[in-house]
Every structure is written in structure tokens, then in C-alpha cells.
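In the numbering used here, the protein residues as written are 10 to 794.
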């Protein structure tokens, strides 16, 4: 480790620091209207031809020679500032940018400077502005973060109505979804129809598919980093929306003007209320709705210290006599401390809990036959992150993280005939820690490196027993239990540790073109057990154990980025190749729920994913949007399956085309359209059938998986937004949003399955199941005052 640190010191000292006749200019950049910190603002010293961007808290630091400098501060959608600064000492300069009014209404995908895609060393990264997402057509008119990112290259889902998303051949559990740095384990409401992120409190959405910086870890596919708004510290505002499915309300304002602010938001669906008059007999007591509550506050103690506290609590409920509910809860506390003009610290402490439960009608105390089942995954973490602005050519990040996991795979109470019995699985604990260091180094004006190293280590402990299985049997069959080893209290059962190098380079070919190359290794120590194509709230999270090894991925990517017509058009082509180790699969008829010997039903193999992503985006003008196309392949190889050869993964999609178009007709009206086409997912079907006593029994003779493919999916959605002069009570602003989902009434297949013919049991038939099989119009009223 000392050798690694010495190499880092040598690398970022390759270019010496400035002489003693230099000073540092630092500060924060905020929105002049509400005091929100702005992420990614470009602060450029024209004479020195150097610049920096603000971090996620709006902080910047730039070191310049003594003297007078002309600064240019730019941010898409805001007025540019040009200001002369005389540097005779280290100086703090806080700035506020004003919105450009009508220009702000133009659709942009990123809030970085217009040539950020070419100049930045970042690759395989996409950002989508919330004002862009709000103009995109959405299911039943409800703005949705998760659905919007599925229009980006390299991102897909297994079908309409499915929860989560897949990135470059990764499963949904291989995506680290962060809400204000706290992990979210189920990002969907209503079984995948809507995401948990309230659009009224989301500030920034960033998806990292490759070239992952060393600050991130814990998943092997992607990082979705969602940041919440801080709240208006200038004035109190009330906003919300009334839609077809749910309503939402948000209140924000100053705690102390210009020093602290808050934002609170509430959403609740009312499908259950609207449907109640239509439900009769056994369905009369059915409940199906969701709600969530989001809140955040911040306070600037002094010029060097600011604290933040944010939280989310959401729940879904479904059922009548038999209830089913699930939800997330997170709390994040952050402390920003500025040690000096060059050294910035953010310390994060978070709590995250995802749980679900099944509950028969236990309200009746006299009921003799009842059932209750609950499961959860609980996290506690502390994470200090340092940013050291060494000089204009080196920005160094370093820090660490520790996460304590509590797993409750499932506990159940069964009461039969008035006698109760507790059944279920033992709780498990694990501790994951990491240290990291990285540097973004500008070698020349045409060559920039971003390199880093992360070392993660993991301990599995906290269960009374560990199981040892006989591995000598045939592959693909249930492994018999060979031995049981007892452990005391928090005694360690197994330990793992991995070096995770990260590297990216930007080679500027000319002012509008760059070539980028990236590599990263990622380790993941937790796993989602699910033998269905789409995830469900009942899926079980489990840690790496003495039997389940951590997942590892290695990815290389190469991209060419080119802008046209003064950055009005952005284009990029990226190719990637990813390998995956220790991928979990399942034997036939695997038992995953409340099975203490579930590890005997698991199989392990490797995976690979490779492809090309094409992206064209228009930034300016009345017509905006983008086109993305992904050509990819995702495969697995598992001993005991498909003759031990490579076979298609369940989430493989060869072609994935998305088109997003938004047109500003006038100041009052804009229209949006989205179109998607995706290859169907692989599937396994019977090859033969047996007739027994006049009943057809399907059978797969070759016992091979994913050798067929369901039909392709495609869909067109439209929307129109009309802005009103005033909102409620003649104040503020408001708008009507009209949308049509699935315009040409396409019956996209979610799955295809084989069943007996209900009229003739001796025959079988294939059935296409579609979640949305009709046109879905909707209207939403949004307001703010």
C-alpha cells in the first residue's frame, strides 16, 4: 500500500506546484433566485486558459498567479458572468447566477458547460435535467426519474411495468442507486410502474455506466446518483400537482434567510379511492396504494461549516384479507468543512432500511389460522470524502467508507388451529469497508488523466451457524449438506478483499473532438436472489458468505466524442467489453424463500457483455432532444447449464433504440414525443410434451435455457404542456400536462409462457402477457406559488 501511495504522489507531482507568487480563489456558486448550490458550473480564467467546475455542493477552487485575472463563469440556462479579480492573497469569492428566463425553458440533457462531453475526462456518464424529464411524456402523466434514464444508451428494462433497470448487461441488483448518498434497494412503487423519487425535490440525476471514479464502490454495473434539492433560502414556496394516479405537495423555504433552508414533500396515490365504488363482494376491502415523504434541511454554521439532514420514507400496500406491504426508509446527515481554499471535506453518515411483510388478517384476535412474514436489509455507514485542489492541473480525492449490514432473510409466524410456531432464517451481519485515492491530472491542454485506486475489504459474521456443502455431485443439481459449523456471537466466518483500479484518459484531437479510454474494476459483496426475469418486492438480499463469493467486474471502454455547430449538436460513439465473475444462477425448481439451505440451490458462473452505443443530442433551439441506439450482447457461462457453453442472459437485448423529441411551440405551449424499440428478452420454452391420462405435460428435452426470444417491444408516447399565467388564487404559476401513453395501442409482451389449453387439456398453447394493452390518456395539473 505504501508503494501505491508513493506512485500516486510521484504522478500528481509530475507537474510542480506554482511558485510562492500564486494564490487560490475559492467559493461557492448558487442560484440567485432560491440559493440552490449549482453543480458543474464552469469557472474559467481566460488569460491562463485553465478552469474548474463546482462540485456537488457548489464549491470551487482555482490557483492562479498573482495579478489581475478575467474570470468567465458559465452554466447552461443561466446568464454568463465575466468578472475581473485582483489576486494579492488567497481570496473567497461566492457567486450567484441568474436564470436566463426563456432560455431556461429550452430542453438540455446536462447542466454542465456545453462542451463538457468533449473536454471532460468522464466517459460512459449521462445526466438528465429535471426540467427535461418534466417535458418528456410519462406513464399516466407522472414524471419519473427511472423511466427517463431508460431512454439513454446502454440502459434497458426487462419489460413494461418491471421495476429497476439494466445497464450494459448488468442485473438490477448490480446498480447502486443513491438518494443523497444513501442506498435504495427497491426504487419502484406499484410493482415498477413509478419510481420512489419525487420529481419536485430532485435536483440532479447522474448515471455512471463506466469509468467509475474511485470514490464509488459496492456494485459491479452502474451508479445512479440522485441528489435532492436543498430548499429555497430566499422565500417560502408551495408547489404540487394533481394527477390521474396520485397527487403531490411540496413546501420549501428559509430557516434563516441566506443561511439555511428546508424542503418537505408528500405524495399519495388514490387508485384505491377511485376504484372503491367499483369493487364488490370479495374485492370490496382490497387496498392498493403507495405514499412517500421526503424532507431535507441545511444550515450554514459559518463560512467553513455547513450541515445537511435529509430523509425519505415510502411504502406500498396491497391486499385485502391477506396484506402485502414494502418500503424504503433512509436518513442522511452530511457535514461540509472547508479546511482551506484548497482542501474540502464532506462527511456522510447514513441509515438505510428496506423491508417487506406478508400478513394475513391478524386484526381478529380470535382467528385460529394466521400467517405473518417479514424480511429486511438494514445499513449503517460513515463516509469521509476529501477533495484537495492541489493546483490547476491536479485535483485529488481521497477518503474511505464503512458499511454495517444487517440481513433478515425472512422470519415467519404460522398459527394453525390456534397454535403458533416461529419459522424462518437466521439473521446475518457483514461489514464492508474501503479506502480510496484518485487524481484528475491535466498533463497538457490536449491530454488529461483520471486515475485512482480503491481497496475494499469485507467480513461476514453474526450468524450462529455456517453450512458446508458437498461440491462433488453433478453440476446443476441440488448440493447436499456436508457439515454445519457453529460460531460464537460476532465471530468472523469469512473475509474477502480486492484492489479496484480505475483509469480514464481524454485525448483532445481538436477543439470539438476527443478520444476517451477507460478501465475499471468493481467488487460487489451483496447479492439479490431472484429466479424471475423481473424483480419483485419479495426478492431476498443476501451477503457474500463462505459459499457465495463476491461479484467482480472488469470493464474497458473506448469512445469518440464530437460536437457540431458551436456545440449545438453533441455526438458520441462508445464501445465496451465487460467481464463478470461469480454470477449466481439457480438449479431447476430452486427454493429461494425461507429456505435455510438456499445456498445448496445456487450455481455459479461467469458473464460477459459487450456492445456499441450511439448518441446524438440537440442542445439549442425550439426543437431539442436526442437519439440513442445500443447494439449489445449479454451472455453467461455456468457449469451444468447449456452444455457448459456460453448462453444468452435473461436480460440480453440485441437492439435498443430510443428517440426523445421536445418542441417549444411558444412560451405557453410545448409538446413532447418519445419512441422506443427493443429486442425481446430471451426465454426458455418446452420442446416436447407428454400426454398422461389425457393431460399434456410440457417438457424441455434439451434442458437448455434462453434458447428462444419473445417478440420485440416498441411504443410511441406523446405529451403537451400548457403554461398558465397564474396558479391557484391568482398567484404564482401553473401548467396543464396532457399525455397519451402507448399511442398506437401496441400489445408489448412482458412475457410469453406455455399453458394447457383450457378447452382441451391434451393440448398446450403459448400465451402472451402484456402489462399495458391499450392506449392510456392522462391529465395532470401542476402549480407553484
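Built from N, CA and C at the ideal position, the CB exists for glycine as well. Note that this is a predicted model, so its numbers are computed, not measured.
Of the listed residues 263, 270, 244 and 326, nearest to residue 281 (C-alpha basis): In the chain shown, counting from the first residue as 1, residue 281 sits at position 272. Nearest C-alpha to residue 281: 326.
What does DSSP give as the partner residues of residue 157 in its beta bridges? Residue 157 sits at position 148 when you count from the first residue of the chain shown. Per DSSP, none; premise fails for residue 157.
Could you say if the region 445–453 and the region 478–494 meet the contact criterion of at least three C-beta pairs nearer than 8 angstroms? no
Let me confirm a value: residue 494 is counted as buried when at least 16 other C-beta atoms fall within 10 Å, else exposed. Which label applies? One-based indexing of the chain shown puts residue 494 at position 485. Under this definition residue 494 is an exposed residue.
Can you check the region 290–347 for any beta strand (DSSP E) of at least 3 residues that lies completely inside it and give the ranges in chain order? 296–311, 314–328 and 332–347
Contact between the region 142–155 and the region 643–662 is defined here as three or more beta-carbon pairs at a separation below 8 angstroms; is this criterion met? no
Beta bridge counterpart(s) of residue 397 as assigned by DSSP: Walking along the chain shown from the start, residue 397 turns up at place 388. BP columns for residue 397 point to 352 and 405.
Put residue 735 into one of helix, strand or coil per three-state DSSP. Locating residue 735 in the chain shown gives position 726, counting from the first residue. Of the three classes helix, strand and coil, the one that applies to residue 735 here is coil, per DSSP.
Applying the 10 Å Cβ sphere with the 16-neighbour rule, what's the burial state of residue 678? Here the question's residue 678 lines up with position 669 in the chain shown. Burial call: exposed.
Start-to-end residues for the alpha helix (DSSP H) that takes in residue 37: Here residue 37 is taken as the residue at index 28 of the chain shown, counted from 1. Unbroken run through residue 37 is the beta strand (DSSP E), 31–40; no alpha helix (DSSP H).
Residue(s) in a DSSP beta bridge with residue 382: Along the chain shown, one-based indexing puts residue 382 at 373. According to DSSP, residue 382 bridges with 367 and 421.
Taking 7 angstroms as the limit between beta carbons, can you name the residues of its chain near residue 150, skipping five residues before and five after? One-based indexing of the chain shown puts residue 150 at position 141. Same-chain partners within the cutoff: 252, 253, 746, 748, 787, 788 and 789.
Nearest by alpha-carbon distance to residue 80: which of 86, 547 and 57 is it? Here residue 80 is taken as the residue at index 71 of the chain shown, counted from 1. Of the listed residues, the one whose Cα sits closest to residue 80 is 57.
Tell me whether residue 310 is buried or exposed, calling it buried when 16 or more other Cβ atoms sit within 10 Å of its Cβ. Here residue 310 refers to the residue found at position 301 when the chain shown is read from its first residue. Residue 310 should be labelled exposed.
Report the residue from 597, 235 and 210 whose alpha carbon sits nearest the alpha carbon of residue 261. Here residue 261 corresponds to residue number 252 of the chain shown, with the count starting at 1. Nearest option by C-alpha distance: 210.
Threshold first: 3 residues or longer. Then list the beta strand (DSSP E) segments lying entirely within the region 187–245, N to C. 211–217 and 231–237
Could you pull the DSSP bridge partners for residue 262 from this structure? Start at 1 with the first residue of the chain shown, and residue 262 comes out as number 253. DSSP lists 271 as partners of residue 262.
Residue 139 lies in the alpha helix (DSSP H); which residues open and close that run? Sequence index remark: in the chain shown, residue 139 carries index 130 (1-based). Counting along the chain, the alpha helix (DSSP H) containing residue 139 begins and ends at 139–144.
Among 499, 475 and 132, nearest to residue 491 - alpha-carbon criterion: To locate residue 491, count along the chain shown from 1; it is residue 482. The candidate whose alpha carbon is nearest that of residue 491 is 475.
Spatial neighbours of residue 92 in its chain, beta-carbon cut-off 6 angstroms, leaving aside the 5 residues before and after: If you number the chain shown from 1, residue 92 lands on position 83. Answer for residue 92: 80, listed in chain order.
Less than 7 angstroms between the beta carbons of residue 104 and residue 84, yes or no? Taking the first residue of the chain shown as 1, we reach residue 104 at position 95. Taking the first residue of the chain shown as 1, we reach residue 84 at position 75. Contact flag unset, no.
Beta strand (DSSP E) segment containing residue 448, residue limits: In the chain shown, counting from the first residue as 1, residue 448 sits at position 439. 437–453 is the span of the beta strand (DSSP E), which, as asked, contains residue 448.
Please identify the residue among 515, 471, 513 and 518 whose C-alpha is closest to the C-alpha of residue 499. Position 490 of the chain shown, counted from the first residue, corresponds to residue 499. Per the Cα distances, 471.
Verify the contact flag: residue 575, CB atom, against every heavy atom of the ligand ZN, threshold strictly below 6 angstroms. Looking for the ligand ZN in the displayed structure turns up nothing, as the structure carries no ligands at all.
Are there 16 or more other CB atoms within 10 angstroms of the CB of residue 700, so buried, or fewer, so exposed? For this step, residue 700 is matched to residue 691 along the chain shown. With fewer than 16 other Cβ atoms within 10 Å, it is exposed.
Residue 621 - partner residues in DSSP beta bridges: For this step, residue 621 is matched to residue 612 along the chain shown. Answer is 584 and 640.
Whole angstroms is fine: what's the gap from residue 734's alpha carbon to residue 743's? By one-based count along the chain shown, residue 734 stands at place 725. By one-based count along the chain shown, residue 743 stands at place 734. Cα to Cα, the separation comes out at about 7 angstroms.
Comparing C-alpha positions only, which one of 398, 390, 364 and 710 sits nearest to residue 382? Along the chain shown, read from residue 1 onward, the residue named residue 382 stands at position 373. With distances taken between Cα atoms, residue 382 lies closest to 364.
For residue 176 versus residue 570, is the C-beta distance shorter than 7 angstroms? In the chain shown, the residue the question calls residue 176 occupies position 167. In the chain shown, the residue the question calls residue 570 occupies position 561. No, the Cβ-Cβ distance between residue 176 and residue 570 is not below 7 angstroms.
Can you tell me the Cβ-Cβ gap for residue 351 and residue 70, rounded? I've got them flagged as a contact below 8 angstroms. Here residue 351 corresponds to residue number 342 of the chain shown, with the count starting at 1. Here residue 70 corresponds to residue number 61 of the chain shown, with the count starting at 1. Confirmed, Cβ separation roughly 6 angstroms.
By Cβ distance, which residues of its chain are closer than 8 angstroms to residue 761, with the 5 residues on each side in sequence left out? Residue mapping note: residue 761 aligns to position 752 of the chain shown, counting from 1. So the list reads 692, 694, 719, 720, 775, 776, 777 and 778, once near-sequence residues are dropped.
According to DSSP, which residues form a beta bridge with residue 655? If you number the chain shown from 1, residue 655 lands on position 646. Looking at the DSSP assignment, residue 655 forms no beta bridge with any residue, so it has no partner.
In or out: residue 533 buried (at least 16 other Cβ within 10 Å) or exposed? What you label residue 533 is simply residue 524 of the chain shown in a count that begins at 1. Residue 533 is buried by the Cβ-count criterion.
Please name the residue, chosen from 315, 772, 609 and 591, that lies closest to residue 598 on a Cα-to-Cα basis. By 1-based counting over the chain shown, the position of residue 598 is 589. Cα-wise, what sits closest to residue 598 is 609.
Just to confirm my understanding: we take residue 594, look at its own chain, exclude 5 residues before and 5 after, and list those with CB closer than 8 angstroms. What are they? Walking along the chain shown from the start, residue 594 turns up at place 585. Hits under 8 angstroms: 611, 612, 613, 614, 645, 647 and 650.
Ends of the alpha helix (DSSP H) at residue 126? Reading the chain shown from its first residue, position 117 is the one you call residue 126. Its alpha helix (DSSP H) spans residues 125–128.
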